[in-house]
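**Q**
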Amino acid sequence: MSGYSQTRIATWAFTVALALSFAGVVVLARYGSSPVDSRPWLFWFAAFWTFAQMLLIVVGLSTFRHALRQGQAERQLQRVARLHRSILDSAGPVMIACDLAGHISLFNPAAERMLGYRASEVLGKLTAGDLYPEGEMARVGEQLATSMADARTQPAVPWNTAEPLLPYIRYVASFPASRVRGFEMRYRRRDGSTFPAMLYLSAVRSSAGSIEGLVSVAVDISATRRAEHALRESEERYRDLFENSAEMIATLSPRGRYLYVNPAWQVLFGMDSAQFESLIGFESAFPPEVQAEAAALFHKALHGVRVDRHPLRLQNSAGETVEVEASLSCRREESGPVSVRCTFREVTQQNRRERRLRIQLVISQIIAEATSMDEGLTRALEALCGTFGCDVAVLWRVDEAQHVVRPRLSWHARGRSSEDFLRETRAQVFTRGEELPGMVWSLGKPCWIADVRQDPAFIRRTSARLNGFISGWAVPVRVGNQVIAVVECFLRQPAREDPELLATVETVCGSLGQFMARAGQEARVRELDRQKAIILNSVADGIIGVDSAGHIDFVNSAAARMIERPESELIGHSVHEMLHPAIFGHHCDLACPTRQAIEIGESTAGQDVYYQGNGRSFPVEFSLMPMIEDSAPVGSVLSFRDISQRYALDHMKDEFISTVSHELRTPLTSIRGALGLLSSGLLGTVNEKASNLLRIALANSERLVRLINDILDLERMQSGRAPLAFRRIALDDVARQAIETMQPVADSGNIHLVSDFAPVSIEADADRLLQVMTNLLSNAIKFSPPHSMVRMTIASASGGALLSVFDQGRGIPSDKLESIFDRFQQVDASDSRQKGGTGLGLAICRSIVQQHGGRIWAEQNGSRGSIFRLLLPERASISAAGAEEAMAGRS
Amino acid sequence: MPHRVLIIDDEEDIREVAALSLETVAGWEVLLANSGAAGIAKANEQLPDAILLDVMMPGMDGPTTFQELRAHPKTARIPVILLTAKVQAADQKRFSDLGVSAVMFKPFDPLTLARDIARVLGWKDK
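So the sequence lines, in the order shown, correspond to chains A and B.
Using the working numbering, read the first sequence as starting at 1 and increasing by one per residue.
Using the working numbering, read the second sequence as starting at 892 and increasing by one per residue.
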């Protein structure tokens, strides 16, 4: 009964009571004065009225009180309802309630937000099924049904439950009201999109406890789902990494039990995860020889020390030796160590590579630092033994010429004696293919002997056994394709053939081969250098090597000695400055022959004066030869000799000649003077015979004089003491002069002198050429019969002049045409001396002509007579060679 | 008036031949001295027209004698001809640098000696 209706009842009750009261008052007023017994109904009316009034008041009051109480209760209810409302309104989760038919009776604001509906659109309008994707209700319903399949009894469901809700009702019915189980279900939004939610379903029960509806509280778990997915994915990734990692990974409990081993770990030890799980202790997986080490590492990690890349060497399940780097760390929480993680990284290959590089580096360094080939090779053998654990190494040298291989040097480790083995080795010489070195040489490949004591081909097995060697290997040392040496190494322990080791050593031996080849070449070069130095330092001449900049780069000991400066002072300095130092007041201009020679850089010879370190000068004869390499000048070689002695000698010779000349001339003066006067007849006549004798004596004394002059002349010319004075002359003028001089002689011999001169101008010494022409004419006239002709011609020839003297005399036999230009040569013993010749005339002519850079020769003049020809260049060019020849008097 | 020539030479034979040449061929008067010192004395005493002076002499050699002659005003103007067997080019230069009138070489042609002297000294007669 609602409070409202109760209030109405109360109001009615009071109204009626009021009406009755009024009625009573009226009755009383009307019939009050009459006594009660006259009118008995008044009594009953009064009684009724009183009773009714009392009843109505009681009813009214109690109803009023009820109403008040109800009001209070209602207000209380309303308050609670408001509280519940605000909870519903502010709650995060979706709260939806529906009745048994599925009509939605509650739709909180969170539901509005999540699903996109306004409550007004939903309440009473939509059913539960509208909120879920197609088929979702059925699917989840089945799931719930399945999960309840083992329930003992099917709970009773109200008869008016909508079909789709049946499984749900059953579900919530199967649990006590306080137990709420959540399950996943997808919701569908207004826009059709769906999202996963965690749904908590419970029953709305009547006061009797029967289910009247369902209420669901749901939370959007899409974010959670995503997070879970991501976590699973990342877990998956990590798992994937671990599972597929090449690194060996294991996780252990603090007690040392294996919690997880990745496949790589399993492969290393050759056990699967089940076997690992049965192990007790980290180290028990390892081979016995490394167990102690492994246990120690685990222990360390467990106590919080991080083990980082600890090198470990062990045999894997296949029996191969692997090298790993072990890293262990411990995961701790507040409660203490939780697990120990262990990672192994295989570094066998890497280590091998490093070893190979290291030994190569070591060998390269040894080679670079080696002062001698033997020292380098011995140290290399030592390094090889050290790296590969060998106890002795021997280097054998191939002798191609003798077709054998010989032991060259060895190295052995300290400790146990290798003496017997080495002694036997040193005594051996093997042919191609014989024993270990011979085989390696022949095959060109490394060889390995697992047990040298047993190998029948190993000749030295007895001494090997004696000194405790067990295994050995040998590697060829190559230069290009040729094996030039073999390196052998022996160990005192059994070693399996290791191709990797052999490959490494072969590479290293390549470097050794190059080193040996180079050392051989260097030795040869050094030997040549030494020989060169010996030669250069043995010559008496000073030799200075000059570079293209004119600086000294080589000085032999003779040069240093002559210049009286140490080699160190000379090298690197300008050669001209060293030889003509300005500080001694000797300033060279461009005409300085040495300077010119160096600057021009052409093959030159000459004389000069050089200065010693102390300022003393000495005369030198030098020659400069340019050095050409690949058609480019790279410097020059200056060689010189001290000619002060020669100067002294020359001076002495000059003195001697001067003296002799003087001494010879002095008595000749008297002789000639006396004979001349006697012969002239001025001192009286003599008889014919006497006159003849006087004539003979005079002629010969004159000849003697001429001879002395000629000797002096020739000597002076050949010693260079009579240098020619060149200037431009008209050769024909000089020739005319010669003709004029010889005219009287020709006339007296009845010789017809003819001349035919073309005007030719050349650079020459006129006096000397006059001497030559006069000499030739004199000869021609001398050897011509009377009334014959002597002809001199001058013609222009290739820029120069060709002078010819023709005579019709007795001629010169062809085999004498060359030799007549030699000293004291006559065609035959008879004529020229008779005719007063000295025998030096033509030699002097030749000397003069050569100094002009020309040529003189004789020809036969047809059938009768001779032709003497001179070819003179237009420009007197004295080459070093020409001057040399002139001085030597050879043509 | 015949020219008077003083011949200074340490070789007796040369003195004799030279003197004979000049006397016989040219008819000149010849004075003789056998050393530089004697020659200077004679020159001072006789004042000849020319002096024929040898170079290589013991004691005072030709050039020194020549210096002496030039040093004394009395003899300074007498023309001097060096007569020498030293025919080397270096010697010749040395001699001509002295300032002598001429340098002549031994051996000389006795028949032309006087003529050569006359030519060199610019004497007109033979």
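Positions of the beta carbon are idealized from the N, C-alpha and C atoms, including for glycine.
Please state the DSSP three-state secondary structure of Phe282(A).
**A** Against the first sequence, residue 282(A) aligns to sequence position 282. Three-state DSSP puts Phe282(A) in a helix.
**Q** In three-state terms, what does DSSP make of Gly472(A)?
**A** As a first step, residue 472(A) is located in the first sequence; it is residue number 472 there, counting from the start. Three-state result, Gly472(A): strand.
**Q** May I have the straight-line CA-CA distance separating Phe868(A) from Ser804(A), to the nearest angstrom?
**A** Here residue 868(A) is taken as the residue at index 868 of the first sequence, counted from 1. Here residue 804(A) is taken as the residue at index 804 of the first sequence, counted from 1. Approximately 6 Å between the Cα atoms of the pair.
**Q** Can you pull the DSSP bridge partners for Ala973(B)?
**A** The residue labelled residue 973(B) in the question sits at position 82 within the second sequence. This sequence places Leu at residue 973(B); Ala is not what is there. DSSP lists Leu944(B), Val994(B) as partners of Leu973(B).
**Q** Assuming Trp441(A) and Val486(A) make a contact with CB atoms under 8 Å, what is their CB distance in whole Å?
**A** Translated into positions along the first sequence, residue 441(A) becomes position 441. Translated into positions along the first sequence, residue 486(A) becomes position 486. The pair is a contact, with the Cβ atoms about 6 Å apart (cut-off 8 Å).
**Q** Lys532(A): buried (16+ other C-beta within 10 angstroms of its C-beta) or exposed?
**A** Looking up residue 532(A) in the first sequence gives position 532. Flag for Lys532(A) reads exposed.
**Q** Between the C-alpha atoms of Ser992(B) and Ala766(A), what's the straight-line distance to the nearest angstrom?
**A** As a working mapping, residue 992(B) is identified with position 101 in the second sequence. As a working mapping, residue 766(A) is identified with position 766 in the first sequence. For Ser992(B) and Ala766(A), the distance between alpha carbons rounds to 26 Å.
**Q** Can you give me, in chain order, the residues of the segment 905-936 of chain B that have a beta carbon less than 9 Å from any beta carbon in chain A?
**A** Residues passing the 9 Å Cβ filter: Ile905, Glu907, Val908, Ala909, Leu911, Ser912, Thr915, Val916.
**Q** Would you mind telling me which residues of chain A sit closer than 8 Å to Val978(B), beta carbon to beta carbon, in chain order?
**A** The count along the second sequence starts at 1 and reaches residue 978(B) at position 87. Per Cβ cutoff of 8 Å: Ser661, Arg665, Asn709, Leu712.
**Q** Who are Leu579(A)'s beta bridge partners in DSSP?
**A** Indexing the first sequence from 1 puts residue 579(A) at position 579. Beta-bridge pairing links Leu579(A) to no other residue.
**Q** Do Ile747(A) and Arg791(A) have their C-beta atoms within less than 9 Å of each other?
**A** In the first sequence, residue 747(A) corresponds to position 747, counting from 1. In the first sequence, residue 791(A) corresponds to position 791, counting from 1. Rather than Ile, the amino acid found at residue 747(A) in this sequence is Asp. No, these two residues do not count as a Cβ contact at 9 Å.
**Q** Based on DSSP bridge pairs, tell me the residues matched to Thr127(A).
**A** Sequence index remark: in the first sequence, residue 127(A) carries index 127 (1-based). Per DSSP, His103(A).
**Q** Looking at the strands, I want to know which residues DSSP matches up with Pro287(A).
**A** As a position in the first sequence, residue 287(A) is number 287, starting the count at 1. In the DSSP output, where bridge partners are listed per residue, Pro287(A) has none listed.
**Q** Quick check on the DSSP output: the alpha helix (DSSP H) that includes Arg496(A) runs from which residue to which?
**A** Position 496 of the first sequence, counting from 1, holds the residue named residue 496(A). Looking at the DSSP string, Arg496(A) is not in any alpha helix (DSSP H), and its letter there is neither H nor E.
**Q** Ser661(A) and Gln983(B): beta carbons closer than 9 Å?
**A** On the first sequence, position 661 is the one that residue 661(A) refers to. On the second sequence, position 92 is the one that residue 983(B) refers to. Taking 9 Å as the Cβ cut-off, Ser661(A) and Gln983(B) do not qualify as a contacting pair.
**Q** Does the segment 370-386 of chain A come close enough to the segment 406-415 of chain A that 3 or more CB-CB pairs lie under 8 Å?
**A** yes
**Q** At the level of alpha carbons, what is the spacing between Arg985(B) and Ser644(A)?
**A** In the second sequence, residue 985(B) corresponds to position 94, counting from 1. In the first sequence, residue 644(A) corresponds to position 644, counting from 1. Counting only the Cα atoms, Ser644(A) lies some 24 Å from Arg985(B).
**Q** Closest Cβ-Cβ distance between Phe996(B) and chain A: below 9 Å?
**A** Position 105 of the second sequence, counted from the start, is the residue given in the question as residue 996(B). Chain A, which has a Cβ nearer than 9 Å to the Cβ of Phe996(B), makes this yes.
**Q** Counting Cβ pairs, one atom from each stretch, are 3 or more of them under 8 Å apart for the segment 477-493 of chain A and the segment 331-341 of chain A?
**A** no
**Q** Just grab the DSSP bridge partners of Ile563(A) for me.
**A** By 1-based counting over the first sequence, the position of residue 563(A) is 563. Per DSSP, none; premise fails for Ile563(A).
**Q** Check whether the Cβ atoms of Phe282(A) and Ala294(A) lie closer than 9 Å to each other.
**A** Position 282 of the first sequence, counted from the first residue, corresponds to residue 282(A). Position 294 of the first sequence, counted from the first residue, corresponds to residue 294(A). Yes.
**Q** Relative to the C-alpha of Phe554(A), which candidate in Ser568(A), Thr504(A), Val16(A) has its C-alpha closest?
**A** To locate residue 554(A), count along the first sequence from 1; it is residue 554. Among Ser568(A), Thr504(A), Val16(A), the Cα nearest to that of Phe554(A) belongs to Ser568(A).
**Q** Quick one: list the residues of chain B neighbouring Ala722(A), beta-carbon separation under 8 Å, in chain order.
**A** Stepping through the first sequence from its first residue, residue 722(A) is reached at position 722. Here the neighbours are Ala980.
**Q** Spell out whether any CB of chain B is found under 9 Å from the CB atom of Ile657(A).
**A** If you number the first sequence from 1, residue 657(A) lands on position 657. Yes, because at least one Cβ of chain B sits closer than 9 Å to the Cβ of Ile657(A).
**Q** Relative to the C-alpha of Ala52(A), which candidate in Pro158(A), Leu106(A), Phe22(A), Ala73(A) has its C-alpha closest?
**A** Mapped onto the first sequence, residue 52(A) falls at position 52. Distance from the Cα of Ala52(A) is smallest, within the candidate group Pro158(A), Leu106(A), Phe22(A), Ala73(A), for Phe22(A).
**Q** What number of angstroms, rounded off, separates the C-alpha of His573(A) from the C-alpha of His551(A)?
**A** Numbered from its first residue, the first sequence carries residue 573(A) at position 573. Numbered from its first residue, the first sequence carries residue 551(A) at position 551. About 5 Å.
**Q** Hey, how far is the Cα of Ser891(A) from the Cα of Arg561(A)?
**A** Locating residue 891(A) in the first sequence gives position 891, where the first residue counts as 1. Locating residue 561(A) in the first sequence gives position 561, where the first residue counts as 1. Reliability of the predicted coordinates at Ser891(A) is poor, the pLDDT of 40 falling under 50, and the value obtained from them is presented with this limitation in mind. The alpha-carbon atoms of Ser891(A) and Arg561(A) are separated by roughly 37 Å.
**Q** Quick check: is the beta carbon of Pro1001(B) nearer than 9 Å to any beta carbon in chain A?
**A** In the second sequence, the residue the question calls residue 1001(B) occupies position 110. For Pro1001(B), the nearest beta carbon of chain A is closer than 9 Å to its own beta carbon.
**Q** So, is Tyr238(A) buried or exposed, given that buried needs 16 or more other C-beta atoms within 10 angstroms?
**A** The residue given as residue 238(A) occupies position 238 in the first sequence. Around the beta carbon of Tyr238(A), a 10 Å sphere encloses fewer than 16 other beta carbons of the protein chains shown; the residue is thus reported as exposed.
**Q** Three or more C-beta pairs closer than 8 Å, one from the segment 673-684 of chain A and one from the segment 990-1008 of chain B: is that the case here?
**A** By the Cβ test, the segment 673-684 of chain A is in contact with the segment 990-1008 of chain B, since at least three Cβ pairs between them sit closer than 8 Å.
**Q** Starting from Cys845(A), follow the beta strand (DSSP E) in both directions and report where the run begins and ends.
**A** Working through the first sequence from its first residue, we reach residue 845(A) at position 845. Careful: Cys845(A) lies outside any beta strand (DSSP E), inside the alpha helix (DSSP H) at 841-851.
**Q** How would you label Lys1015(B), buried or exposed, when you count the other beta carbons within 10 angstroms and need 16 or more for buried?
**A** Walking along the second sequence from the start, residue 1015(B) turns up at place 124. Classification of Lys1015(B): exposed, given that the 10 Å Cβ count is below 16.
**Q** Report the residue from Leu231(A), Arg257(A), Pro263(A), Leu252(A) whose alpha carbon sits nearest the alpha carbon of Leu241(A).
**A** Start at 1 with the first residue of the first sequence, and residue 241(A) comes out as number 241. With distances taken between Cα atoms, Leu241(A) lies closest to Pro263(A).
**Q** So Arg595(A) and Val620(A) are in contact, right, with Cβ under 8 Å, and what is the actual spacing, rounded?
**A** As a working mapping, residue 595(A) is identified with position 595 in the first sequence. As a working mapping, residue 620(A) is identified with position 620 in the first sequence. Their Cβ separation, rounded to whole angstroms, is 14 Å, which puts Arg595(A) and Val620(A) out of contact at 8 Å.
**Q** Between which two residues does the beta strand (DSSP E) holding Val772(A) run?
**A** One-based indexing of the first sequence puts residue 772(A) at position 772. It is not in any beta strand (DSSP E) - Val772(A) instead sits in the alpha helix (DSSP H) that spans 766-783.
**Q** Provide the residue span of the beta strand (DSSP E) that contains Val609(A), from first to last.
**A** Mapped onto the first sequence, residue 609(A) falls at position 609. First-last of the beta strand (DSSP E) with Val609(A): 604-611.
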